[in-house]
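Novice: Structure incoming, see below.
Chains as they are written, first to last, in this note's numbering: chain A, 16 to 185; chain B, 11 to 586.
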């Protein structure tokens with residue numbers, strides 16, 4: 016969190032809507048503490064899921080924004096035991112499913128193939144598969160929508176709106 | 011520890027422990043007591059049980075962006091499990107949890123369920139409050155006498171009106187001059203806007219109920235147009251960030267930290283001691299007066315005595331009760347000033363159980379822009395001029411409308427991305443929450459536990475406060491009336507709730523050291539002086555004889571300023 020001090024002094028106490036400088040946009044997830052809930056294969060599967068759920072288009076995808084770290088951290092810190100097990104078991108079983116049906120690790124499949132497997136589970140008969148894919152989807156959306164890139168470039172969050180207008184045209 | 015013969019030796023430096031005035035507590039009311047007393051030239055010791063929080067310097071999260079919070083402001087499960095009580099509070103989140111008291115550190119006994127939400131640091135809960143500030147009217151002060159509950163207030167609206175103006179001007183209160191006798195106008199800075207749906211609802215309600223019910227813009231402690239006095243305080247215009255609970259680097263809203271305490275410091279007459287827990291007020295039986303306070307150092311547990319001619323107790327409502335109950339002497343074996351036996355009794359709070367929400371398909375061509383640290387307000391309309399319903403008193407309510415863009419989460423992949431960010435707007439959402447007056451009763455009380463102590467050696471407080479029949483009827487009426495108003499206005503998807511939350515979560519607990527005309531049935535007189543110990547003043551929530559419906563902090567500030575000025579005059583007249 017030390018890099019934020021420099022950033023904070025830049026945006027300053029006057030809090031004008033200063034654009035985030037370009038060096039801060041190169042924020043890499045490696046600068047932050049890694050969550051410890053998942054093993055290395057599970058992390059790869061989760062990254063593959065996050066990337067398939069919100070892939071790169073003309074805007075960055077969720078995986079390149081590091082949303083998989085957010086998903087893992089949230090489940091590790093803010094969710095109960097059953098949800099944590101749901102995530103871990105789900106990732107293990109999804110990896111097994113990829114090997115069985117496509118002959119490859121989940122992370123090595125193409126984006127469309129990964130999404131196909133996820134969607135099959137999301138609308139399938141198995142409740143824990145549906146719950147698992149929904150958990151990952153919800154947290155992926157949450158992490159993506161609240162990411163620095165999206166809030167800066169797409170939804171244009173203002174820390175300092177400095178105004179409230181009660182009735183303006185849409 | 012009831013040794014009334016303890017001689018308070020303070021051989022080394024009694025001089026340096028002696029002040030003109032002592033103020034217990036640096037929260038929203040204590041900051042005012044300190045400001046007024048120091049401005050009038052009194053050397054004042056301000057004792058704060060918690061740590062220092064210096065304006066701007068000690069607001070660690072105030073400039074953080076949403077993505078900088080690891081859990082996007084949600085709290086880790088282990089924090090929530092460690093703090094089952096305070097984690098019920100809407101403001102106990104990753105960005106502001108450091109300003110709240112943690113359950114384990116400050117235990118108390120719930121004889122009946124009570125969620126006691128506290129902030130122990132310089133500034134207290136003035137860092138965290140919702141900043142809603144309405145004046146009481148004469149109908150509120152006259153309530154107990156007219157309706158036959160509690161005891162008659164010893165003051166009237168006319169007594170406090172000039173002091174409301176006094177604190178409003180300094181604090182910076184924004185509001186609209188609505189001209190309502192039930193909610194007097196104040197010394198206002200320009201009001202915030204009601205949005206189009208709020209204005210629509212306001213007009214519909216005014217027409218339908220023939221001017222007997224009102225939706226107005228909230229009166230709030232935000233600087234919308236800085237006056238010279240605010241600039242002199244080093245405070246600027248509110249920037250509408252609406253992350254006030256983190257502390258505001260602009261001083262845009264009123265908190266002791268940005269306003270009254272630095273002002274008191276500037277006089278050169280203030281000594282601020284943090285980590286100083288007041289154990290009791292020292293009553294000298296020989297002299298027949300209170301002479302000072304005994305303080306426990308929060309870190310070392312060492313005790314020190316401080317002395318002063320006048321003492322202001324602003325420790326927050328229930329802690330003020332605790333201190334007075336714990337202040338035993340030969341004269342007052344049952345707690346300071348407790349000749350009447352009512353100390354700790356007639357504790358009340360605000361009924362926040364009910365709420366209502368809905369949607370509105372009108373004004374679809376309009377939206378809002380920016381953010382607003384405020385909302386609409388519905389002044390009490392029940393039993394105002396006479397008793398009309400099957401319950402006593404009534405409720406005020408918040409009312410707000412808002413609208414956001416449509417977000418479709420049903421897709422996957424690129425479709426999902428497109429669904430999440432759309433330029434389309436959804437319907438307007440409308441909502442209201444209830445703020446009901448509760449009737450103070452002898453059976454709602456706080457008391458000292460005879461055995462249990464907290465980690466600082468203070469007796470734990472036993473809290474026995476619960477809802478009654480009147481509260482249940484009031485909830486029913488709020489739900490019925492608001493549903494009727496919502497339906498009349500064409501709101502749909504109406505949902506109501508009675509969440510049966512515990513008393514306390516309103517964070518408007520009051521009473522126990524009530525003001526009254528008769529020393530046989532009250533503790534304080536019309537100047538907030540303890541009847542039997544006139545150099546001790548209580549001006550925080552503990553002094554409240556009844557609760558009415560208004561957010562109470564503005565009234566605490568006005569009472570503190572009024573009492574402090576009276577105390578100084580009494581000192582000059584050599585009556586104290």
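We put the CB at the ideal spot given by N, CA and C, even for glycine.
According to the Cβ coordinates, are residue 616/B and residue 476/B closer than 8 angstroms?
Specialist: Residue 616/B lies beyond the stretch modelled for chain B, which goes from 11 to 586, so this question has no answer here.
Novice: Going by the beta-carbon positions, is the gap between residue 187/B and residue 180/B smaller than 8 angstroms?
Specialist: No, Cβ-Cβ distance for residue 187/B and residue 180/B is not below 8 angstroms.
Novice: So, helix, strand or coil for residue 581/B, using DSSP?
Specialist: Helix, per DSSP.
Novice: Considering only their Cβ atoms, is the gap separating residue 270/B from residue 44/B smaller than 8 angstroms?
Specialist: Contact flag set, yes.
Novice: Is the CB of residue 111/B under 8 angstroms away from at least one CB in chain A?
Specialist: Residue 111/B does not count as touching chain A.
Novice: Please check if any C-beta of chain A sits within less than 8 angstroms of the C-beta of residue 378/B.
Specialist: Residue 378/B counts as touching chain A.
Novice: Could you tell me which uninterrupted beta strand (DSSP E) segments, each at least 3 residues in length, are contained entirely in the stretch 366–424 of chain B, listed from first to last along the chain?
Specialist: The qualifying runs are 376–380, 386–388 and 405–415.
Novice: CA-CA distance, residue 117/B and residue 470/B?
Specialist: Roughly 7 angstroms between the two C-alpha positions.
Novice: With DSSP run on the structure shown, which of helix, strand or coil describes residue 510/B?
Specialist: Reduced to three states, the DSSP call for residue 510/B is coil.
Novice: Mind checking whether the beta-carbon of residue 29/B lies closer than 7 angstroms to any heavy atom of the ligand COA?
Specialist: This structure simply doesn't include the ligand COA, nor any ligand for that matter.
Novice: Return no unless some Cβ of chain B is closer than 8 angstroms to the Cβ of residue 157/A.
Specialist: Residue 157/A counts as touching chain B.
Novice: Which residue's Cα is closest to the Cα of residue 256/B: 105/B, 392/B, 371/B and 267/B?
Specialist: Looking at the Cα atoms, 105/B is the closest of the given residues.
Novice: Am I right that residue 549/B and residue 566/B are in contact with their C-beta atoms under 8 angstroms? What's the rounded C-beta distance?
Specialist: Between residue 566/B and residue 549/B the Cβ distance is about 6 angstroms, and since that is below 8 angstroms, they are a contact.
Novice: Figure out for me which residue from 222/B, 246/B and 46/B has the closest Cα to the Cα of residue 233/B.
Specialist: Per the Cα distances, 246/B.
Novice: Using a Cβ-Cβ cut-off of less than 9 angstroms, list which residues of the stretch 107–119 of chain A approach chain B; keep chain order.
Specialist: Against chain B - using a Cβ distance shorter than 9 angstroms - the stretch 107–119 of chain A contributes no residues.
Novice: How big is the Cα-Cα spacing for residue 118/A and residue 109/A?
Specialist: Going by the C-alpha atoms only, they are around 12 angstroms apart.
Novice: Would the stretch 332–341 of chain B count as touching the stretch 447–467 of chain B if we require 3 or more Cβ pairs under 8 angstroms?
Specialist: Cβ pair count under 8 angstroms is three or more, so yes.
Novice: Could you check how far apart the C-beta atoms of residue 25/B and residue 286/B are, in whole angstroms? I think they sit under 8 angstroms.
Specialist: 19 angstroms between Cβ atoms; not a contact.
Novice: Of the residues 83/B, 108/B, 74/B and 114/B, which one's Cα is nearest the Cα of residue 91/B?
Specialist: It is 114/B.
Novice: Would you mind giving the Cβ-Cβ distance between residue 366/B and residue 120/B, rounded to the nearest angstrom? I have them listed as a contact below 8 angstroms.
Specialist: With a Cβ gap of about 29 angstroms, residue 366/B and residue 120/B do not count as contacting.
Novice: Residues in the stretch 230–241 of chain B with C-beta within 8 angstroms of chain A's C-beta atoms, listed in sequence order?
Specialist: Against chain A - using a Cβ distance shorter than 8 angstroms - the stretch 230–241 of chain B contributes no residues.
Novice: Who pairs with residue 361/B in a beta bridge, going by DSSP?
Specialist: Answer is 446/B.
Novice: How long is the line joining the alpha carbons of residue 65/B and residue 402/B, rounded to whole angstroms?
Specialist: Each residue's alpha carbon lies about 43 angstroms from the other.
Novice: Taking residue 45/B as part of the beta strand (DSSP E), name the residues at either end of that continuous run.
Specialist: From DSSP, residue 45/B is part of no beta strand (DSSP E) but of the alpha helix (DSSP H) over 38–49.
Novice: Could you give the first and the last residue of the continuous beta strand (DSSP E) run that contains residue 188/B?
Specialist: Element bounds for residue 188/B: n/a, residue is neither H nor E.
Novice: DSSP state of residue 126/A, grouped into three classes?
Specialist: Three-state DSSP puts residue 126/A in a helix.
Novice: Short of 7 angstroms Cβ to Cβ, which residues in the stretch 407–440 of chain B face chain A?
Specialist: Residues 419, 422, 423, 424, 426, 427, 430, 431 and 435.
Novice: Reducing DSSP to helix, strand and coil, say where residue 327/B ends up.
Specialist: The answer is helix: DSSP assigns residue 327/B an H, G or I state.
Novice: I need the DSSP call for residue 146/B, collapsed to helix, strand or coil.
Specialist: In the structure shown, residue 146/B sits in coil (DSSP, three-state: anything other than H, G, I, E or B).
Novice: Alpha carbon to alpha carbon, how far is residue 153/A from residue 116/A?
Specialist: Each residue's Cα considered, the two are about 26 angstroms apart.
Novice: In terms of residue numbering, what span does the beta strand (DSSP E) encompassing residue 182/A cover?
Specialist: Taken as a continuous stretch (DSSP letters only), the beta strand (DSSP E) holding residue 182/A covers 179–184.
Novice: Suppose you measure from the CA of residue 106/A to the CA of residue 61/A; what does that come to, to the nearest Å?
Specialist: Each residue's Cα considered, the two are about 7 angstroms apart.
Novice: Taking 8 angstroms as the CB-CB cut-off, is residue 95/A touching chain B?
Specialist: Chain B contact via Cβ: present.
Novice: How about the stretch 304–317 of chain B and the stretch 484–492 of chain B: do they share at least three Cβ pairs that are nearer than 8 angstroms?
Specialist: Contact fails: fewer than three Cβ-Cβ distances are below 8 angstroms.
Novice: Output the boundary residues of the beta strand (DSSP E) element that contains residue 520/B.
Specialist: Unbroken beta strand (DSSP E) run through residue 520/B: 520–522.
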